[in-house]
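**Student:**
2 protein chains.
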Amino acid sequence: MRWEELDREACSVARALSVVGDRWTLMILRECFLGTRRFEAFEQRLGIARHVLADRLKKLHEANVLAKVAYQDRPRREEYRLTDIGRDLYPVMVTLAQWGDKYMAPDGAPLLRIHNTCGHIMTTHLTCEDCGEPVAPVDVTVKLGPGAGAATLPDVQRNKA
Amino acid sequence: MRWEELDREACSVARALSVVGDRWTLMILRECFLGTRRFEAFEQRLGIARHVLADRLKKLHEANVLAKVAYQDRPRREEYRLTDIGRDLYPVMVTLAQWGDKYMAPDGAPLLRIHNTCGHIMTTHLTCEDCGEPVAPVDVTVKLGPGAGAATLPDVQRNKA
DNA sequence: AGATATGGGTTCCATAAGAGAACCTGTCAA
DNA sequence: TTGACAGGTTCTCTTATGGAACCCATATCT
Numbered sequence: 240m241r242w243e244e245l246d247r248e249a250c251s252v253a254r255a256l257s258v259v260g261d262r263w264t265l266m267i268l269r270e271c272f273l274g275t276r277r278f279e280a281f282e283q284r285l286g287i288a289r290h291v292l293a294d295r296l297k298k299l300h301e302a303n304v305l306a307k308v309a310y311q312d313r314p315r316r317e318e319y320r321l322t323d324i325g326r327d328l329y330p331v332m333v334t335l336a337q338w339g340d341k342y343m344a345p346d347g348a349p350l351l352r353i354h355n356t357c358g359h360i361m362t363t364h365l366t367c368e369d370c371g372e373p374v375a376p377v378d379v380t381v382k383l384g385p386g387a388g389a390a391t392l393p394d395v396q397r398n399k400a
Numbered sequence: 240m241r242w243e244e245l246d247r248e249a250c251s252v253a254r255a256l257s258v259v260g261d262r263w264t265l266m267i268l269r270e271c272f273l274g275t276r277r278f279e280a281f282e283q284r285l286g287i288a289r290h291v292l293a294d295r296l297k298k299l300h301e302a303n304v305l306a307k308v309a310y311q312d313r314p315r316r317e318e319y320r321l322t323d324i325g326r327d328l329y330p331v332m333v334t335l336a337q338w339g340d341k342y343m344a345p346d347g348a349p350l351l352r353i354h355n356t357c358g359h360i361m362t363t364h365l366t367c368e369d370c371g372e373p374v375a376p377v378d379v380t381v382k383l384g385p386g387a388g389a390a391t392l393p394d395v396q397r398n399k400a
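Protein sequence lines correspond, in order, to chains A and B. For the first sequence, the working numbering begins at 240 and goes up steadily by one. For the second sequence, the working numbering begins at 240 and goes up steadily by one.
Written out as structure tokens, the structure is:
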């Protein structure tokens, strides 16, 4: 399968990855959440090749994850800012960062997140919106939904039903 | 910056991505969470080139995200199963899938997750473990932690302090 | 006026990674 | 002895990436 076919898969993970699943895209988004907005700043902080950066920013803009906002005219200069759609990727970033903190940071977390609401150094968990309980893989059963199309589950799952 | 240098970055997102940030790796992990375990099954369900699949499974095994478990001898055959480390990526998968459901599934979610604990179709949010409140980017302040090394925050963040 | 700086790109080339198909290796069963 | 099966490896061809150089509009310095 080629990369461009991913967004046609009947799987939300695949479709999400068709937008943000690239080597560099998630690094760019990390920078966005840290406040970086300008081309040169992304380049310097990430060490990414300029044309790759230009390409990824363009794709993120087309996917409405980033908006281009002018910060001066003559010469016109634009910076990239997270849209609401982009900001909704925050839980993905935080869960990824926490996994990295847990397994790949022997010297302690490189970055601490302070939860302003309660003032603590933040660790998070994923909770069910209905019952409020934390969610673990073993507590979850999957089944095909309305947008499934011709998609199927692996045999293991079908045998459960 | 080359991809292999990512794991030396003082950023947990970067380090996590050095393991799971590849085009195909997250798709393989999606399959793992759906119950897929065997080489051929991954190949058929993902349409991935065999040598790329072999390479990614090897790397996931080396990173202790997947374990190889023999399911027969003579000829020895092994399948790949999520370790505890791998299972800890579940929140990443779920938040990514939910983002895809929200913005890239006009016909409805392809896959529904049922929370066995309460019986509802599951939607989740990220909550602070200390205060239990949902977490949004605006409620969070970042600062450098013990593992930061020479890493810096973008200027925007430094100006806040 | 001419030279230089700034921000945000684009173009070029050499190398690396990917797709797709063919081939290899134990083992068992017909 | 010939297939079949599972899980790889090897091959070639195409695409993507890294790194450096170049471009363009405007502003400021000399």
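Cβ atoms here follow ideal geometry from the backbone N, Cα and C, with glycine treated the same way.
With 9 Å as the threshold, decide whether the Cβ of A/Ala400 is near any Cβ in chain B.
**Tutor:** Walking along the first sequence from the start, residue 400 of chain A turns up at place 161. At A/Ala400, the pLDDT of 45 sits below 50, so the modelled position is not reliable; the number obtained from the coordinates is stated separately. No, because no Cβ of chain B sits closer than 9 Å to the Cβ of A/Ala400.
**Student:** Using three-state DSSP, classify A/Ile287 as helix, strand or coil.
**Tutor:** Here the question's residue 287 of chain A lines up with position 48 in the first sequence. Note: A/Ile287 maps to coil in three-state DSSP.
**Student:** If A/Val381 sits next to A/Leu392, beta carbons under 8 Å apart, how far is it from one beta carbon to the other, in whole angstroms?
**Tutor:** Residue numbering aside, residue 381 of chain A sits at position 142 when the first sequence is read from its first letter. Residue numbering aside, residue 392 of chain A sits at position 153 when the first sequence is read from its first letter. Yes, A/Val381 and A/Leu392 are in contact; Cβ-Cβ is about 7 Å, under 8 Å.
**Student:** Please give me, in chain order, every unbroken run of the beta strand (DSSP E) with length at least 3 that falls completely inside the stretch 311 to 377 of chain A.
**Tutor:** The stretch 311 to 377 of chain A contains these whole beta strand (DSSP E) runs: 316 to 321, 350 to 354 and 363 to 367.
**Student:** With burial defined as no fewer than 16 other Cβ atoms inside 10 Å of the residue's Cβ, what is the status of A/Pro349: buried or exposed?
**Tutor:** As a first step, residue 349 of chain A is located in the first sequence; it is residue number 110 there, counting from the start. Classification for A/Pro349: buried.
**Student:** Please confirm whether A/Lys307 has its beta-carbon closer than 9 Å to some beta-carbon of chain B.
**Tutor:** On the first sequence, residue 307 of chain A is found 68 positions in, with the first residue counted as 1. Not one chain B Cβ lies under 9 Å of A/Lys307.
**Student:** With three or more beta-carbon pairs closer than 8 Å as the criterion, would you say the stretch 335 to 342 of chain A touches the stretch 247 to 256 of chain B?
**Tutor:** Output reads yes: the stretch 247 to 256 of chain B touches the stretch 335 to 342 of chain A.
**Student:** Taking the alpha helix (DSSP H) that B/Leu256 falls in, what are its first and last residues?
**Tutor:** Mapped onto the second sequence, residue 256 of chain B falls at position 17. Its alpha helix (DSSP H) spans residues Ser251 to Val259.
**Student:** Please go through the same chain and pick out, in chain order, the residues whose beta-carbon is closer than 6 Å to the beta-carbon of B/Ala302, but skip the five residues on each side of it.
**Tutor:** For the purposes of this step, residue 302 of chain B is taken as residue 63 along the second sequence, with counting starting at 1. Only Val258 meet the Cβ criterion.
**Student:** Let's see if you can read the secondary structure: which residues bound the alpha helix (DSSP H) around B/Leu245?
**Tutor:** Locating residue 245 of chain B in the second sequence gives position 6, counting from the first residue. Note, B/Leu245: premise wrong, no alpha helix (DSSP H); not H, not E.
**Student:** Consider the Cβ of B/Glu270: report whether some Cβ of chain A lies at a distance smaller than 9 Å.
**Tutor:** Within the second sequence, the letter at position 31 stands for residue 270 of chain B. It does; some Cβ of chain A falls within 9 Å.
**Student:** Run the proximity test for B/Val377: is its beta-carbon closer than 8 Å to any non-hydrogen atom belonging to the ligand MG?
**Tutor:** Inclusion of the ligand MG in the displayed structure is not the case, the ligand content being empty and no account of it being possible.
**Student:** Would you kindly work out how many angstroms separate the C-alpha atoms of A/Gly274 and A/Leu299, rounded to a whole number?
**Tutor:** Your numbering for residue 274 of chain A matches position 35 in the first sequence. Your numbering for residue 299 of chain A matches position 60 in the first sequence. Approximately 16 Å between the Cα atoms of the pair.
**Student:** Between the stretch 317 to 334 of chain B and the stretch 265 to 279 of chain B, are three or more C-beta pairs nearer than 8 Å?
**Tutor:** Segments in contact, yes.
**Student:** What residues in the stretch 286 to 316 of chain B have a beta carbon less than 7 Å from any beta carbon of chain A?
**Tutor:** Listed in sequence order: Gly286 and Ile287.
**Student:** So, helix, strand or coil for B/Ala302, using DSSP?
**Tutor:** The residue given as residue 302 of chain B occupies position 63 in the second sequence. DSSP places B/Ala302 in coil when its eight states are reduced to three.
**Student:** Output yes or no for whether 9 Å exceeds the beta carbon distance between A/Gly325 and A/Leu305.
**Tutor:** Against the first sequence, residue 325 of chain A aligns to sequence position 86. Against the first sequence, residue 305 of chain A aligns to sequence position 66. Closer than 9 Å, so yes.
**Student:** On the CB-based measure, 16 or more other CB atoms within 10 Å of its CB, does A/Val333 come out buried or exposed?
**Tutor:** In the first sequence, the residue the question calls residue 333 of chain A occupies position 94. By the neighbour-count rule (16 or more Cβ atoms within 10 Å), A/Val333 is buried.
**Student:** Would the beta-carbon of B/Thr264 fall within 9 Å of that of A/Cys367?
**Tutor:** Position 25 of the second sequence holds residue 264 of chain B. Position 128 of the first sequence holds residue 367 of chain A. Not in contact: B/Thr264 and A/Cys367 (Cβ atoms no closer than 9 Å).
**Student:** Go ahead and label A/Ile360 buried or exposed: buried means 16 or more other beta carbons lie within 10 angstroms of its beta carbon, across all protein chains shown.
**Tutor:** Translated into the one-based positions of the first sequence, residue 360 of chain A becomes position 121. Classification for A/Ile360: exposed.
**Student:** Any idea if B/Arg289 is buried or exposed, counting beta-carbon neighbours within 10 angstroms, 16 or more meaning buried?
**Tutor:** In the second sequence, residue 289 of chain B corresponds to position 50, counting from 1. The residue in question, B/Arg289, is exposed, as its Cβ has fewer than 16 Cβ neighbours within 10 Å.
**Student:** When you compare each of A/Val377, A/Thr362, A/Ile287 and A/Asp312 to B/Gly371 by their alpha carbons, which one comes out closest?
**Tutor:** Taking the first residue of the second sequence as position 1, residue 371 of chain B is located at position 132. Nearest of A/Val377, A/Thr362, A/Ile287 and A/Asp312 to B/Gly371, Cα basis: A/Thr362.
**Student:** Give the straight-line distance between the Cα atoms of B/Gly388 and B/Tyr329, rounded to the nearest whole angstrom.
**Tutor:** For the purposes of this step, residue 388 of chain B is taken as residue 149 along the second sequence, with counting starting at 1. For the purposes of this step, residue 329 of chain B is taken as residue 90 along the second sequence, with counting starting at 1. The alpha-carbon atoms of B/Gly388 and B/Tyr329 are separated by roughly 29 Å.
**Student:** Can you find a C-beta in chain A that's less than 9 Å from the C-beta of B/Arg201?
**Tutor:** In the structure displayed, chain B extends from 240 to 400; residue 201 of chain B sits before or after that span and is not available.
**Student:** Should A/Glu279 be flagged as near chain B, meaning a C-beta pair shorter than 9 Å?
**Tutor:** By 1-based counting over the first sequence, the position of residue 279 of chain A is 40. Closer than 9 Å: no.
**Student:** Quick one: list the residues of chain B neighbouring A/Glu372, beta-carbon separation under 9 Å, in chain order.
**Tutor:** One-based indexing of the first sequence puts residue 372 of chain A at position 133. Within chain B, the residues near A/Glu372 are His354, Thr356 and Cys357.
**Student:** Mind checking which residues open and close the alpha helix (DSSP H) that includes B/Leu383?
**Tutor:** On the second sequence, residue 383 of chain B is found 144 positions in, with the first residue counted as 1. B/Leu383 -> not in any alpha helix (DSSP H); beta strand (DSSP E) instead, spanning Val379 to Leu383.
**Student:** Hey, would you say A/Asp327 sits closer than 9 Å to B/Gly386, going by beta carbons?
**Tutor:** Within the first sequence, residue 327 of chain A is the residue found at index 88, counting from 1. Within the second sequence, residue 386 of chain B is the residue found at index 147, counting from 1. No, they are not a contact pair.
**Student:** So A/Arg269 is in the alpha helix (DSSP H); what residue range does that whole segment cover?
**Tutor:** Counted from its first residue, the first sequence places residue 269 of chain A at position 30. It spans Thr264 to Leu273 - the alpha helix (DSSP H) in which A/Arg269 sits, taken as one unbroken run.
**Student:** Run through chain B and tell me which residues come within less than 7 Å of A/Ile324, C-beta to C-beta.
**Tutor:** Position 85 of the first sequence, counted from the start, is the residue given in the question as residue 324 of chain A. Under the 7 Å cutoff, chain B gives Tyr342.
**Student:** Tell me, please, whether the CB atom of A/Glu243 is closer than 9 Å to any CB atom in chain B?
**Tutor:** On the first sequence, residue 243 of chain A is found 4 positions in, with the first residue counted as 1. Not one chain B Cβ lies under 9 Å of A/Glu243.
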